[in-house]
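Undergrad: In my numbering, the protein residues as written are 121 to 234. Structure incoming, see below.
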Amino acid sequence: MARSYNQAKPILRGLHEQLLNYFARQDQKILDQLYSFYIDDRSSYKLVEFLEHDLKDIKIKLLIFYDKHTGEVADMNARSFPLDFQKFLQEIINRMNVEEEYLFPLLEKLPKEN
């Protein structure tokens with residue numbers, strides 16, 4: 121267990137950066153555009169609110185997971201890593217499924233910028 125955990129720690133740093141970059145694409149500018157465009161469509165507007173709060177939640181989970189498994193006390197958490205990683209990975213998969221089902225269709229309806 122310890123050997124595979126030690127091998128995973130450097131890879132987690134890369135995963136952390138990639139996820140932060142991915143989520144950074146959903147910045148406040150995009151959210152503001154969605155809110156403005158869907159201001160008169162209550163259900164879509166509420167969906168944007170949900171997506172924004174869900175994104176904040178997943179970012180917090182990312183930071184907690186990353187701190188727990190790459191910080192100074194990470195070796196103390198080696199035993200919980202497989203289960204923690206599996207749960208965290210499922211959260212990421214769920215978020216991406218939500219984006220595919222709900223966010224992308226909302227984005228497709230936005231007017232194209234020149």
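Positions of the beta carbon are idealized from the N, C-alpha and C atoms, including for glycine.
So, does the segment 170–190 touch the segment 210–217, judging by three or more C-beta pairs under 8 Å?
TA: yes
Undergrad: What residue range does the alpha helix (DSSP H) around Gln148 cover?
TA: 148–157
Undergrad: Assuming Leu209 is part of the alpha helix (DSSP H), what are its boundary residues?
TA: Under the DSSP assignment, Leu209 falls in the alpha helix (DSSP H) whose first and last residues are 201–218.
Undergrad: Less than 7 Å between the beta carbons of Ser164 and Tyr158, yes or no?
TA: yes
Undergrad: CA-CA distance, Leu167 and Tyr222?
TA: Leu167 and Tyr222 have their alpha carbons spaced roughly 8 Å apart.
Undergrad: Grouping DSSP H, G and I as helix and E and B as strand, with all else coil, what is Lys179?
TA: Three-state result, Lys179: helix.
Undergrad: For Glu172, which of Ala128, Ser200, Asp147 has the nearest alpha-carbon?
TA: Residue Asp147 is the option with its Cα nearest to Glu172.
Undergrad: From Phe205, Asp160, Ala198, pick the residue whose C-alpha is nearest to that of Lys181; which is it?
TA: Distances from the alpha-carbon of Lys181 to those of Phe205, Asp160, Ala198 put Phe205 closest.
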